[in-house]
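Peer 1: The structure under discussion is supplied below as structure tokens; questions concerning it will follow.
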Amino acid sequence: MTTYRGSWGADGVEAFLREAEIPVRIATHRPDGSLWLVTLWYRYRDGALECATQASADVVGFLRNDRDVAFDISTNRIPYRGIRGNGTVTISDDDGKAVLRDLVERYLGGDDPSLARWLLADDRDEVRIRIEPREIYSWDFSDRMGSDTDG
Numbered sequence: 001m002t003t004y005r006g007s008w009g010a011d012g013v014e015a016f017l018r019e020a021e022i023p024v025r026i027a028t029h030r031p032d033g034s035l036w037l038v039t040l041w042y043r044y045r046d047g048a049l050e051c052a053t054q055a056s057a058d059v060v061g062f063l064r065n066d067r068d069v070a071f072d073i074s075t076n077r078i079p080y081r082g083i084r085g086n087g088t089v090t091i092s093d094d095d096g097k098a099v100l101r102d103l104v105e106r107y108l109g110g111d112d113p114s115l116a117r118w119l120l121a122d123d124r125d126e127v128r129i130r131i132e133p134r135e136i137y138s139w140d141f142s143d144r145m146g147s148d149t150d151g
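Here UniProt numbering is used: the first residue of the sequence shown is 1, the next is one more, and so on.
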């Protein structure tokens, strides 16, 4: 069960996650205990954040070693708003690259077909990273900073 604090409740967080085309920043630990930060595309499904990446990516090994993560999804332009939190990761095969296909459509649409072809190439082995949030803190400075909602 996710705990929500800050500017928005569960409905506000869900609306932000569905509309924002901003990558998620995920913080995890490397096996030596040092911190590692990675930025990935995400989709929001059934109360969780889902990402896809190559099965051979270092972050996959780090997450298999330590399933606890922190995350941040926030705008880089005024008005500043977003979420941060923590949760637990599960990793599974991205069968048929279903998650990756959704992410390519969400973030690229038809704007970069060469990148989309490279990402979806048959020789790439992809995994799904699913983050089940435990706690989400949201903030929204729109009232103080104006209403330009560019991500």
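Note that the Cβ used here is the ideal one computed from N, Cα and C, for glycine as well. These numbers come from a predicted model, not from an experiment.
D66: which of W8, A52 and G33 sits nearest, CA to CA?
Peer 2: G33
Peer 1: Name the residue from I26, L40, A55 and F71 whose alpha carbon lies nearest to the alpha carbon of I136.
Peer 2: Nearest option by C-alpha distance: F71.
Peer 1: Apart from the five residues just before and just after L120, which ones in its own chain have a Cβ nearer than 8 angstroms to its Cβ?
Peer 2: K97, L100, R101 and V104
Peer 1: Measuring CA to CA, which of V60, L40, D122 and E21 is closest to P31?
Peer 2: V60
Peer 1: From what residue to what residue does the beta strand (DSSP E) around L63 run?
Peer 2: Note, L63: premise wrong, no beta strand (DSSP E); alpha helix (DSSP H) at D58 to N65.
Peer 1: Can you tell me where the beta strand (DSSP E) with S34 in it begins and where it stops?
Peer 2: Looking at the DSSP string, S34 is not in any beta strand (DSSP E), and its letter there is neither H nor E.
Peer 1: Name the residue from I83, L63 and D58 whose alpha carbon lies nearest to the alpha carbon of L17.
Peer 2: I83
Peer 1: Using a threshold of 7 angstroms, state whether the C-beta atoms of L35 and P23 are closer than that.
Peer 2: Taking 7 angstroms as the cut-off, the Cβ atoms of L35 and P23 do not count as close.
Peer 1: Should G87 go down as buried or exposed, given a rule of 16 or more other Cβ atoms within 10 Å for buried?
Peer 2: Around the Cβ of G87, a 10 Å sphere holds 16 or more other Cβ atoms; the residue is buried.
Peer 1: Just the Cα atoms here: how many angstroms apart are L49 and R25?
Peer 2: If you take the alpha carbons of L49 and R25, they lie about 11 angstroms apart.
Peer 1: Would you identify the three-state DSSP class for F16, choosing helix, strand or coil?
Peer 2: helix
Peer 1: If R128 sits next to S92, beta carbons under 8 angstroms apart, how far is it from one beta carbon to the other, in whole angstroms?
Peer 2: Indeed, because the Cβ distance is near 5 angstroms, the residues count as touching under 8 angstroms.
Peer 1: For the alpha helix (DSSP H) that contains W118, what are its first and last residues?
Peer 2: Counting along the chain, the alpha helix (DSSP H) containing W118 begins and ends at P113 to L119.
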